[in-house]
Amino acid sequence: MVRRWSKPEMWVPGGYLALVAAMMVWLEVAGRTGHDVGMGAIWPALATAPVSLLLLGSFGAAANAVGQDPAQAPIVEPSYGSQPPGPMPTAFPSVGDPLPSDWVPDTSVAGRPEVWDAFGFYIPILVGALINAAVIWALLRCWARWRNARPAA
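In terms of the numbering used here, the sequence shown is residues 17 to 169.
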């Protein structure tokens, strides 16, 4: 029985996809558990570049900016500095007044994040990873055919 595919043809693209998926799972778990991932979101995008960078423009927040006519862009008025300071207090606060450290923001009006919101980031990364894995597989397939077609010395 003749093997149709070599081991590198199967393991290298599969390992690449597993690496990209592991980075995305790490990013999601770290974000959901309250850890600051910072610039961690750039690693899956860089792992699938340049395909994912092109696709990121068609999904998510960047989709609205692609193809927008500059003449129809909203006009942003510049703001210089901040508001002038208010008058300094002349009396001590009473004991019953809340302290600044007791202030808690009202989150009852904030919208809950939707599960589907993250797909604006994950879809381009996954599509880019699949395209890159197919290209890696095709290159390894051509290399395996070239290696098997060489005459034995």
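Built from N, CA and C at the ideal position, the CB exists for glycine as well. Bear in mind that the values here come from a model prediction, so they are computed numbers and not experimental data.
ask   = How about the segment 138-156 and the segment 45-52: do they share at least three Cβ pairs that are nearer than 8 Å?
value = no
ask   = Does the separation of the CB atoms of I152 and P29 fall below 8 Å?
value = Their beta carbons are under 8 Å apart, which means I152 touches P29 by this criterion.
query = Exposed or buried, what is V36 when buried is set at 16 or more other beta-carbons lying within 10 Å of its beta-carbon?
reply = buried
L43 to W27 span [Cα, whole Å] = Cα atoms of L43 and W27: separation of roughly 24 Å, rounded to the nearest angstrom.
task = Could you check if G144 is buried or exposed, using at least 16 other CB atoms within 10 Å of its CB as the buried criterion?
result = buried
ask   = Within 10 angstroms of its Cβ, does I141 collect 16 or more other Cβ (buried), or is it exposed?
value = buried
C-alpha distance - W162 paired with K23, whole-angstrom precision = 15 Å
task = Put G34 into one of helix, strand or coil per three-state DSSP.
result = Sequence check: residue 34 is Ala here, not Gly. Helix.
key: When A150, A57, T106, P105 are compared against G136, the one with the closest alpha-carbon   = Residue A57 is the option with its Cα nearest to G136.
request  = Please report how far the alpha carbon of R166 lies from the alpha carbon of G31, in whole angstroms.
outcome  = 28 Å
message = Can you find the residues in the same chain that come closer than 6 Å, C-beta to C-beta, to A15, ignoring five residues on each side of it along the sequence?
response = One cannot answer for residue 15 here, as it falls past the ends of the chain, which runs 17 to 169.
Reduced DSSP category for S91 - H, G, I as helix; E, B as strand; rest coil = According to the sequence provided, residue 91 is Ile. The question's Ser does not apply to it. Coil at I91, not helix or strand.
task = Whole angstroms is fine: what's the gap from P60's alpha carbon to T106's?
result = 55 Å
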